[in-house]
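For reference, the structure is listed below as structure tokens.
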Amino acid sequence: MIRRPVLIGAAALLLAGCSSTPEPAPASTPPAPAAEPAAEQVKAEPLTPQRLQTVWWSWASSAEPGQNPVEDPTGQYCGDSQPFGVWLIAGTPGGTADRHCQVPATLPLAGPAATQVTQDAASCTRFLATAKGEALLDGKPVQLEKIEPTKITYDTEQGAKEGYSCGLWVRIDPLSPGQHTLTLRGSSGTFNNEANYDLTVVRLP
């Protein structure tokens with residue numbers, strides 16, 4: 001399971017001094033009450049290429065057996081273990097999947113049309129050299145981001161692993177409530193995959 005990162009705003013500490021003299025202190029105006037601590041601020045970390053790939057591979061690699069979002073053919077598990085601040089989408093291990101998912105209207109979407117994690121940067125570079133892909137939101141193209149090999153540490157069922165991730169990724173701003181479609185297609189060498197999402201975007205209470 002992925003721990004959702006939470007950034008907490010720091011509150012200042014007010015230190016009170018004390019007098020060492022035994023003489024009574026002259027009367028003075030009572031001190032003003034200490035200011036209330038600043039409210040805690042909870043924000044998602046910036047979704048840098050490294051963080052995007054780290055949270056995605058952790059999400060994809062640490063799912064319970066039989067509930068992997070990449071292998072999910074219908075979207076039954078697409079909402080499971082989503083990280084804080086982003087709603088992740090996934091391609092397939094090969095072939096086509098048609099998924100039906102409910103998505104919060106407040107969250108951006110992100111995921112790969114084609115990606116790979118390898119033990120060394122050179123292997124990821126070779127994968128990326130022949131990678132092709134496209135993303136269609138409501139039938140209109142969305143630009144893909146080419147991410148070069150990036151060293152990451154990600155969670156798996158067997159524990160943390162290190163590797164190099166690369167690929168063609170899409171980022172989508174929060175969607176308006178209602179029905180939307182999203183298609184991810186990607187390939188590299190003999191690998192081909194397509195994921196068709198039927199998205200119901202809802203406002204959460």
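With UniProt numbering as the guide, the letters of the sequence shown map in order to residues 1 to 205.
We put the beta carbon where it would ideally sit given N, CA and C, even for glycine.
* DSSP three-state assignment for residue 51, whether helix, strand or coil -> For the purposes of this step, residue 51 is taken as the residue at position 51 of the sequence shown. If DSSP states are grouped into helix, strand and coil, residue 51 belongs with the helices.
* Asked: Over what stretch of residues does the beta strand (DSSP E) that includes residue 199 continue unbroken?
  -> Position 199 of the sequence shown, counted from the start, is the residue given in the question as residue 199. 191 to 202 is the span of the beta strand (DSSP E), which, as asked, contains residue 199.
* Asked: Do three or more CB pairs link the region 98 to 105 to the region 62 to 79 at distances below 8 Å?
  -> yes
* Would you kindly work out how many angstroms separate the C-alpha atoms of residue 58 and residue 155, rounded to a whole number? => To locate residue 58, count along the sequence shown from 1; it is residue 58. To locate residue 155, count along the sequence shown from 1; it is residue 155. Straight-line Cα distance between these residues: approximately 4 Å.
* Among 145, 107, 182, which residue has its Cα nearest to the Cα of residue 132? -> Translated into positions along the sequence shown, residue 132 becomes position 132. That would be 145, whose Cα lies nearest to the Cα of residue 132.
* **Alpha-carbon spacing of residue 138 relative to residue 197, whole angstroms** => Taking the first residue of the sequence shown as position 1, residue 138 is located at position 138. Taking the first residue of the sequence shown as position 1, residue 197 is located at position 197. Residue 138 and residue 197: Cα-Cα distance of roughly 10 Å.
* Starting from residue 183 and walking both ways along the beta strand (DSSP E), at which residues does that stretch end? -> Working through the sequence shown from its first residue, we reach residue 183 at position 183. Per DSSP, residue 183 belongs to the beta strand (DSSP E) from 178 to 188.
* In its own chain, which residues sit with a C-beta less than 6 Å from the C-beta of residue 175, not counting the 5 before and 5 after it? -> Within the sequence shown, the letter at position 175 stands for residue 175. 201, listed in sequence order.
* May I ask which residues mark the beginning and end of the beta strand (DSSP E) holding residue 97? => In the sequence shown, the residue the question calls residue 97 occupies position 97. 95 to 104 is the extent of the beta strand (DSSP E) around residue 97.
* Asked: Which term fits residue 85, buried or exposed, when burial requires 16 or more other beta carbons within 10 angstroms of its beta carbon?
  -> Reading the sequence shown from its first residue, position 85 is the one you call residue 85. Label assigned to residue 85: buried.
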